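The next block holds one structure in the form of structure tokens; read it before the comments.
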Amino acid sequence: MAASVVSLLFLLKNSIFFSSKSECTHNIEAFLGNCGSMAPRRFKYSDLRKITKSFQEKLGQGGYGSVFKSTLPDGRLVAVKVLSKSKEDGEEFSNEVVSIGRTSHVNIVTLLGFCHDGRRRALVYEFMPDGSLEKHINREALPCDRLHQIAIGIARGLEYLHRGCNARIVHFDIKPHNILLDEGFRPKISDFGLAKLCLNAMFRFMLLIVLRFEDKNKEDI
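Take the sequence shown: its letters are residues -22 to -1, 1 to 199, numbered as in mature numbering (1 follows the signal peptide of the UniProt record, and there is no 0).
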């Protein structure tokens, strides 16, 4: 009896794993088909190993995986986020490629490419030289005018996600760690692993609540 239960659980686990992997692949392939020539570049894992010089320059590490600084053949600096094994086949990878790949805004980090090579998963972004807002908040007292400009930039990025892009997106994970800064301290929203496209009634309802809350805050101000 115990052996049968263990076997059943093993089969169920494998079924969920392959179903998740298949759905992830389907979502990405459908998105790429819709984007045509505007789709993010698909990298092989060997390509990433080459441009990162075998992943030499690590910028950071977390539960999601590790981020490495790299240079593309055309000279552009990029950040390569290599997902950990616990994340490589999950919904978050698919969410990130499909959601951020639809965006084009000065306050949204640009996804330049991705790797979906066997069980290897990675994302390639434009490089943000000043790191995350969290780093600066913890290390220094930023001037009020600079904080004001950062807040305005984040608000513009969110407004674009909610109202400006073709498929409205709810980020669900806005925090200083996920706000990156370019060389001019211009903020860019990043990390779309928890983001949801508003394609059904439930998410449209949630978005409506968010927008009404935003409008009420504007009235109070």
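From the three backbone atoms N, C-alpha and C, an ideal C-beta is built for every residue, glycine too. Since this is a predicted model, take the numbers as computed values, not measurements.
Kindly indicate which residue of L37, K63, Q127, N85 has the alpha-carbon position closest to the one of residue 216. Past the edges of the chain, shown from -22 to 199, lies residue 216, and the structure says nothing about it.
Mind checking who G43 pairs with in its DSSP beta bridge? G40, L61
Selection from E161, R146, G171, G79 that minimises the alpha carbon distance to I152: G171
With a threshold of 8 Å, are at least 3 pairs of Cβ atoms found where one atom belongs to the stretch 119 to 131 and the other to the stretch 44 to 61? no
S77: which of R97, K63, L101, R54 sits nearest, CA to CA? L101
Residues of its chain near L120, where Cβ-Cβ distance is below 7 Å and the 5 sequence neighbours each way are ignored: H114
Is the number of C-beta pairs between the stretch 156 to 170 and the stretch 84 to 98 that are closer than 8 Å three or more? yes
When you compare only the Cα positions, how much space is there between E161 and S110? 12 Å
Is the beta carbon of G79 less than 9 Å from the beta carbon of P18? yes
Rounded C-alpha distance that separates I157 from L26: 24 Å
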